[in-house]
Amino acid sequence: MIIPSSKLGILAADPNVATAITFYIITVGLGNYLPFGWQALSMPNRIYDLLVHAVTPVLTLLYWIFNIDKGPLDFATIAYWLIYPLSYALYTAVHGIWTHFYPYDFTDVQTLGVKRVRLNTFLLSLSVL
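Following the working numbering, the numbering of the sequence shown begins with 82 at its first residue and continues without gaps.
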């Protein structure tokens, strides 16, 4: 954290917030590889993809394991953690219908249909629990 004494720094240092952020980053990493596996990408895109969806989640998890105090974790807040990813999934689906852009193939409502995208979102949610 660049400025740990700032309001954002204090918020990010909270064990519950740090755990939720770790959860989100790992979910994105898993979501990139679990549904479709490795995709054929150009070398620059492959490097970017690996850094964002593989290296970052591993480093984040290691940071969480070694630097976050797990004592004060309140597991009753886990349900609240799902608000952000489910909101993002809904936004992605609606935005994609209007713009025809989906950040991940498994969120493409027009190709896969609403039922399949809902199933993909549900399975991704289960995969991180």
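All residues carry an ideal CB built from backbone N, CA and C; glycine is no exception. Only a predicted model underlies this, so the values are computations on that prediction, with no experimental measurement involved.
From V195, P85, A94, pick the residue whose C-alpha is nearest to that of P153; which is it?
A94
Could you spell out where the alpha helix (DSSP H) holding L131 opens and where it closes?
124–131
Does DSSP put L163 in a helix, in a strand, or in coil?
coil
Under 8 Å between the Cβ atoms of I146 and P96?
no
CB A101 to CB W162, shorter than 8 Å?
yes
Please classify F203 as buried or exposed, where buried requires at least 16 neighbouring CB atoms within 10 angstroms.
By the Cβ-count criterion, F203 is exposed, with fewer than 16 other Cβ atoms from all chains shown falling within 10 Å of its own Cβ.
Have a look at P184 and T141 and give me their C-alpha separation to the nearest angstrom.
21 Å
Output yes or no for whether 8 Å exceeds the beta carbon distance between P138 and G177.
G177 sits away from P138, with the two beta carbons spaced by 8 Å or more.
Only counting the same chain, and skipping five residues up and downstream in sequence, which positions put a Cβ closer than 8 Å to that of T158?
If we look at T158 and ignore the five residues flanking it on each side, its Cβ neighbours are N97, A101.
Where F187 sits in the DSSP three-state scheme:
Residue state, collapsed to three classes: helix.
Among R127, V133, H181, R199, which residue has its Cα nearest to the Cα of A170?
R199
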